[in-house]
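Student: One structure is given below, represented as C-alpha cells, and several questions about it will come after.
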Amino acid sequence: MPVAALHPLLAVVGAGRRRARRHRRLGLRASSLESPSVASTALNGVAGAPVERKEKVKDDAAAVEEEKGLDALYDDGFGGVTVKDYFAAAKAVSRDDGGPPRWFCPVECGRPAVDDAPLLLFLPGTDGIGMGLVLHHKSLGKVFEVRCLHIPVNDRTPFEATSFAKTPLQPILPLLESMPSEFHVTVPYLLSFVMGDPLKMASVSIENNLSPPETLQKLSDSLTSMLPLLSELADIIPRDTLLWKLKLLKTGAAYANSRLHAVQAEVLLLASGSDNLLPSGDEADRLFKALKNCRVRYFKDNGHTLLLGVNMYRRGRQRDFVTDYLPPTLSEFKKTFDEDHKLFHLALSPVMMSTLKNGKIVRSLSGIPDKGPVLFVGYHALMGIELSPLYEEFLREKKKIVRGLAHPILFGTKFESSRQESSRLDTVSMYGGLPVTPINMYRLFERNEFVLLYPGGVREALHRKNEEYKLFWPDQPEFVRMAARFGVTVIPFGCVGEDDVLELVLDYNDQKNIPGLREWIESVNKQADRVRDSVKGEDGNQDMHLPAVLPKVPGRFYYLFGKPIEMKGMNNLVRDRKSANDVYLRIKSEVEEIMSYLKRKREEDPYRSMAQRALYQATWGVSAQVPTFEP
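Using this note's numbering, the first residue of the sequence shown is number 26, and each one after it goes up by one.
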C-alpha cells in the first residue's frame, strides 16, 4: 500500500451479536503473508489443513437461505469487548515464533452475513500485533471477509507512514536510544499519555442508561483495571523492536509521501482531533488535498488509538444504495435514539396512529402490513423534523427499516471538507435514506421494502412562511403506476406539530433579498443535482437553502397513517394514465384530510402542553406513554 492511514490502516478489496464475555480467549485463524485468502497455520504454530476462503457454503444445506442479509437492529457486539481484551490477545500473539509476517482472521469475525462480502485488510500500527480491530471483529465480520496482518516482534519488514516527521515523539527518540534496557519498562507509561484518551477506552463497555453515580463507579473500576495492563506494553514491544520501528518510520514517511500523487483508489481517512502522538487533523487536511479521491471523517474528541475508542465501522462509501445497504445495529439504534435524540423525542412526545382495514384508528402501527412492498406517501414537515420519531417507532414496534427517498444533495461529496464530522446526513444514510430516482424506487419495490416518498420534496420541506401543511405535489402520478406494477400497498399519511415546535424567521424569499445569502443559495443550487427541472411553477421550485428558525416551547407531534390502499390487481393503471391520475388525486386528498383531522383533534388533547406531559411523566415515569385524545 502506498499510503498509510492516520491510524492502523483498513483497506477494502473487492466488489462493490451475542454479547461477548470479558477476558474470553480470542481465537485466531492465520495464513501466510503471500495468500490472505487461504488459512493454513495458527499463530501459535500449530499446523492445520488448508481451508479455502470461499468454502462451499451453498452445498451445506444448513447454511442455505433465500437471501443472505442482516435484519434491522442486529447485534454488532460493540461494548462486549474492551481494551483489556486487546491486551490479552496482544500478549498471546506477541511471542516470537520465528515465522514470517502473516495474515489471520479472528475467529470472532465468523462468516459474513451478506453475500459476496468484500475483503477487508487491516494493517497494524507500530505494535505489529494486528489486533487493533478487536472491538470491531464481530461487527466487521458480518459484512466483510476480515484479514489482519501480524508482524512478529523480531521481524524487520518495512512499513510506511506519511506524517511521522511531525510527531511529538521526535525530541525523545534520542532518549529512547540511549535509555538503559532496564528502564524500558517506564516507556509504556510515558506513551500512555499520548496514545489515546483513557476515559473513552475505559467507557466502551459502560451502558449509557446508568445513573451518574453508577456510571462514575463503573468508569473508576474500568480505569483501575486498565492501569496494570500498561506494563505489558514493554513485553509486547521490546526495546530493540521499538527503536527499529521508530527509525523505520522516518524513511517510510519519505517513501510514501513521494508516491501520493499516484494513488487512484478511493480513500477514507479517519482522523482524530485529540491525537497527541501524530498531527492527525493537519495530516487529514494535507491528504484530503493530495489524494484525488479522498473522504474524511473527523473525530474531534478521540485520541490516537481511535479504533479502540469508537464504534465507527460503517464510515464508508456505499457503492449501491439498494443492495449494499446495511441496516442499523442495536448499538447504533441505542446511540441514536437513547442518547443523541432522546431529549428531542421526550420533548415532542410523538403520537403514532394507524388505520386498520375496517377503518378503525388505533394508537399503534397495527394498521401497517408486516410485509412489503409498502409505499408511505405523505406531507414533508419543515426541515424533515418528523423523520426521526417516525424511524424510531417503526424500528421499535415493527423492527422495520423505512427506506426514505431523499434529495441527492444529501448523499453527495461536493460540500465535504477535511474536517468532516459525522452528521445528520450520515444518520439519514444509516437509517435507510437514498437518492430519489425512479430506478431506486423500482429496485426497492422489487425487494419488497418499506419505502417513504414525499411528492412535495424540497419545496414542501423548505416551505415559506404561512405555508405549513400545504402540499406541493406535481401533476405526475408516476409512483402510482409503478406501485400498481408491483402490487404495492400504498399508505397515505400526515403529521402535524411543526407549528408547535419551530418558528420560521427567515424563509427562502427573505434570504433571496439579502446580499451574500442570495449568492450562496445560487452557488449551492448550481452545484447540486437538479430535481424536477421539467415541473413548472412552485411545485418544481426545489432550490436548496437553510431556513432560519427559532424553537418554541414544544407542543406535540401527531402522526396518522391512513387506511392501506391495495394496488395488487390494478395492472390497468400502468397504461391508463387517467385512472392512475384519479388514484393519485385520491391519495393526495386523503393526506390533506388526515392533516385536517389531526389539527382538529389535537385541540382535544389534554397533554398537548409540555407542562402537562412533564407532570404526567414525573408521576408515572419518563418511559410511560403519555395519553392523548380519543381517536
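Glycine included, C-beta positions come from ideal geometry on N, C-alpha and C.
#1: Determine, using beta-carbon pairs with one atom in the region 466-480 and one in the region 385-402, whether at least three such pairs fall under 8 angstroms.
#2: Determine which residues share a DSSP beta bridge with T380 and list them.
#3: Following the continuous beta strand (DSSP E) through H175, name the residue where it begins and the one where it ends.
#4: Under DSSP, the alpha helix (DSSP H) around I612 begins and ends at which residues?
#5: Tell me whether P517 sits in a helix, a strand or coil according to DSSP, three-state version.
#6: On the DSSP bridge assignment, give the partners of P576 in chain order.
#7: When DSSP builds the beta bridges, which residues end up paired with G403?
#8: Verify whether the separation of the beta carbon atoms of F518 and F470 is less than 7 angstroms.
#9: Rounding to the nearest angstrom, what Cα-Cα distance links P652 and R388 in this structure?
#10: Answer yes or no: the CB of A372 versus the heavy atoms of the ligand NAP, is any distance below 6 angstroms?
#11: Please classify P460: does DSSP put it in a helix, a strand, or coil?
#12: Quick check on the burial criterion: 16 or more other C-beta atoms within 10 angstroms. Buried or exposed for H162?
#13: Could you give the distance in angstroms between the alpha-carbon of G580 and the alpha-carbon of G397?
#14: Just verifying my parser: in three-state terms, what is the DSSP assignment at F208?
#15: Starting from A115, follow the alpha helix (DSSP H) in both directions and report where the run begins and ends.
#16: Could you check the C-alpha separation between A431 and R543 for me, to the nearest Å?
#17: What residues are listed by DSSP as bridge partners for G429?
#18: If D121 and P177 are in contact, beta carbons under 8 angstroms, what's the gap, nearest whole angstrom?
#19: So Y583 and V376 are in contact, right, with Cβ under 8 angstroms, and what is the actual spacing, rounded?
#20: For a quick check, are the C-beta atoms of L585 and L623 less than 7 angstroms apart?
#21: Considering just the uninterrupted stretch of the alpha helix (DSSP H) at S413, what are its terminal residues?
#22: Using only CA atoms, which one of G409, A509 and G522 lies nearest to M730?
#23: Quick check: the region 623-636 against the region 597-609, are there 3 or more CB pairs under 8 angstroms?
#24: Per DSSP, which one or two residues make a beta bridge with I590?
#25: Could you tell me whether the Cβ atoms of V118 and I154 are closer together than 7 angstroms?
#26: Report buried or exposed for P502, applying the criterion of at least 16 other Cβ atoms within 10 angstroms of its Cβ.
#27: Is the Cβ-Cβ distance between L144 and E170 less than 7 angstroms?
#28: Expressed to the nearest angstrom, what Euclidean distance is found between the alpha-carbon atoms of E17 and C520?
#29: Kindly indicate which residue of V168, S634 and G124 has the alpha-carbon position closest to the one of R136.
#30: Have a look at P572 and N318 and give me their C-alpha separation to the nearest angstrom.
#31: Compare the C-alpha of P499 against each of S413, A509, Q567 and L274 and name the closest.
#32: Could you round the C-beta distance between Y416 and Y467 to whole angstroms and report it? I think they count as a contact, below 8 angstroms.
#33: Look at the alpha carbon of T514 and the alpha carbon of G104, and state the distance between them as a whole number of angstroms.
#34: Starting from S297, trace the alpha helix (DSSP H) in both directions and tell me its first and last residue.
#35: Could you check whether the Cβ of M455 sits closer than 7 angstroms to any Cβ belonging to chain B?
#36: Where does V647 sit, in a helix, a strand or coil, going by DSSP?
Tutor: Walking through what the data contain:
#1: yes
#2: The bridge partners DSSP lists for T380 are I386.
#3: E170 to H175
#4: R602 to K626
#5: strand
#6: L527
#7: Secondary-structure assignment with DSSP links G403 through a beta bridge to F518.
#8: no
#9: Looking at the two C-alpha atoms, the distance is approximately 10 angstroms.
#10: Ligands displayed in this structure: none; no statement on the ligand NAP is therefore possible.
#11: strand
#12: By the 10 Å Cβ count, H162 comes out buried.
#13: 33 angstroms
#14: Caution applies to F208, whose pLDDT of 44 falls short of 50 and renders its modelled position unreliable; the model cannot decide the point.
#15: V108 to V118
#16: Here the alpha carbon of A431 sits roughly 24 angstroms from the alpha carbon of R543.
#17: L477
#18: Between D121 and P177, the beta carbon gap of about 5 angstroms places them in contact (Cβ cut-off 8 angstroms).
#19: 5 angstroms
#20: yes
#21: L412 to E418
#22: For residue 730 there is no data in the structure shown, the boundaries of the chain being 26 and 656.
#23: no
#24: V515
#25: Yes; because the gap between Cβ atoms is below 7 angstroms, this pair is in contact.
#26: Around the beta carbon of P502, 16 or more other beta carbons sit within 10 angstroms, so the residue counts as buried.
#27: yes
#28: One cannot answer for residue 17 here, as it falls past the ends of the chain, which runs 26 to 656.
#29: V168
#30: 32 angstroms
#31: Nearest option by C-alpha distance: Q567.
#32: 23 angstroms between Cβ atoms; not a contact.
#33: 39 angstroms
#34: No alpha helix (DSSP H) contains S297, which is instead part of the beta strand (DSSP E) from V292 to S297.
#35: Protein chain content of the structure displayed is limited to a single chain, and chain B is not contained in it.
#36: coil
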